[in-house]
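Worksheet for the structure shown next.
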Amino acid sequence: NDLKYLSSDELEGRNVGSQGIARAGEFIAQRFLDLGLRTDSFQGSPYQEFTIPGPAAMGSPESNTLAFAGANNAAPLVLGKDFTPVSLGDSGKFDAPMVFAGYGITAPDLNYDDYAGVDVEGKVVVIVRKEPGQRDPNSKFEGNRSSQYAYFSSKELNAALHKAAALIIVNDRLTVASAGEDQLVSVTGAGSAVTDNKIPTIFALRSAIDPLLQQALGKGLDDL
10 NDLKYLSSDE LEGRNVGSQG IARAGEFIAQ RFLDLGLRTD SFQGSPYQEF TIPGPAAMGS
70 PESNTLAFAG ANNAAPLVLG KDFTPVSLGD SGKFDAPMVF AGYGITAPDL NYDDYAGVDV
130 EGKVVVIVRK EPGQRDPNSK FEGNRSSQYA YFSSKELNAA LHKAAALIIV NDRLTVASAG
190 EDQLVSVTGA GSAVTDNKIP TIFALRSAID PLLQQALGKG LDDL
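Quick note: the sequence shown, position 47, residue 56 per this note's numbering, numbers continuous.
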């Protein structure tokens with residue numbers, strides 16, 4: 010009978026913040042009390058207060074800017090056109106040198122490390138999406154399948170563990186070819202972080218980053 014009531018239409022599915030879940034809580038607390046169970050565990054109350062994160066939302070354009078000092082074209086990039094912050098990372102400000110770190114992968118089990126010999130501490134790391142050897146059945150990165158190292162969350166965590174100030178991700182060539190164009194992901198399009206090790210993370214178009222690499226390294230993304 011209890012389950013029949015809790016699953017009834019009257020409780021509206023018991024969604025977070027709804028009247029239905031409030032009524033369900035009151036019902037369960039009273040039933041526990043009627044059954045002789047303690048219902049005063051939380052400062053004399055049966056209800057434990059906690060918070061859950063709501064949907065990620067982007068702030069104002071004024072609080073989401075990206076500009077490259079010292080570049081030939083130092084004009085700020087356009088939010089939503091050239092770059093977008095992603096909720097995978099953290100909110101924050103940064104002003105630091107920029108470093109390119111390949112695919113941003115550290116895979117000791119595969120004897121592969123894009124960060125080997127690269128000092129990224131306190132710097133903005135630019136990396137490419139996915140992983141080497143895509144669509145190569147002989148690739149050590151699980152052949153035709155994407156390995157764990159291709160995930161956005163793995164790349165963000167790795168950059169954070171290397172103490173980078175921020176992370177900028179650009180599309181790989183195969184993703185661009187498959188989509189027919191270079192596209193930004195949405196604010197929530199990179200998923201969620203797997204730990205609390207988070208740094209500001211941005212997704213940018215290749216055309217926004219390529220001139221900087223050409224100027225600094227004499228090579229663009231395709232060459233690198």
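Positions of the beta carbon are idealized from the N, C-alpha and C atoms, including for glycine.
In the DSSP secondary-structure assignment, isoleucine 178 is bridged to Ile136 and Phe212. Remark: C-beta atoms of isoleucine 218 and valine 179 approach each other more closely than 9 angstroms. Here phenylalanine 59 is not bridged, per DSSP, to any residue. Tyrosine 112 is positioned such that its CB atom lies closer than 9 angstroms to that of glutamate 140.
Under a 10 Å Cβ-count criterion, arginine 138 is classified as buried, with 16 or more other Cβ atoms of the shown protein chains found around its own Cβ.
In this structure, alanine 76 lies away from valine 196, with their beta-carbon atoms at least 9 angstroms apart. When only Cα atoms are considered, valine 185 and glutamine 192 end up about 7 angstroms apart.
A straight line joining the alpha-carbon of glutamine 57 with that of serine 96 spans about 28 angstroms.
Around the beta carbon of phenylalanine 92, 16 or more other beta carbons sit within 10 angstroms, so the residue counts as buried. The continuous beta strand (DSSP E) containing phenylalanine 92 extends over residues 92-94.
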